[in-house]
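Peer 1:
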Amino acid sequence: MTLSAIFQKTNEMPWIPGSVLFGEKLLVEGQDVIFLKILSDRRDQGGGVAEITRFAPPPGKRIRIKAIAESDEHVYVLEGGHDDGIGKQIRFPGDYLLHPKGLPHSAILSRETIALVIYAGEADRVTEFRVEDCKQGD
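One rule links them: number in the working numbering = place in the sequence shown (from 1) + 22.
1. Could you name the residues that DSSP lists as bridge partners for T149?
2. If you check the beta carbons only, do I74 and I136 fall under 8 Å apart?
3. Mind checking who E46 pairs with in its DSSP beta bridge?
4. When the Cα atoms are used, what is the spatial distance from D117 to G103?
5. Grouping DSSP H, G and I as helix and E and B as strand, with all else coil, what is T24?
6. Kindly indicate which three-state DSSP category D94 falls into: helix, strand or coil?
7. Could you compute how far the alpha carbon of D146 sits from the alpha carbon of P80?
8. Buried or exposed for K31, please, with buried defined as at least 16 other CB atoms from any protein chain shown within 10 angstroms of its CB.
9. Between the Cα of E51 and the Cα atoms of E92, F44, K83 and L119, which residue gives the shortest distance?
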């Protein structure tokens, strides 16, 4: 096997709608709310996946995701951030998270959020995905 570097000009890469990769379950009233730029996918070679993910909740709505890490998941928030259950922002640009393999975890996103996400192997197994109204005070 020949090794070579992988180089991407991310500002020139198109956003891939999440529904193209994961089906219509990611559509809200016919619109995508998750978009990806796949930087590399080396799972077929025993590696992992690197992507930039953009969450775009509709106005007045928030995205709620629950998942189990199928491999170590590294998340670096570039823009936006995560909320707690009552609408207070708890993750900000520059924050880093590690979800070790096997860890159940969740995210609540009420604002457009862009993150670099790197999986050491397989991507998360999503157990719940929904878009809901923001709670009072969000």
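Positions of the beta carbon are idealized from the N, C-alpha and C atoms, including for glycine.
Peer 2: This is what the structure holds:
1. DSSP output for T149 lists no bridge partner at all.
2. yes
3. DSSP output for E46 lists no bridge partner at all.
4. 9 Å
5. coil
6. coil
7. 23 Å
8. exposed
9. K83
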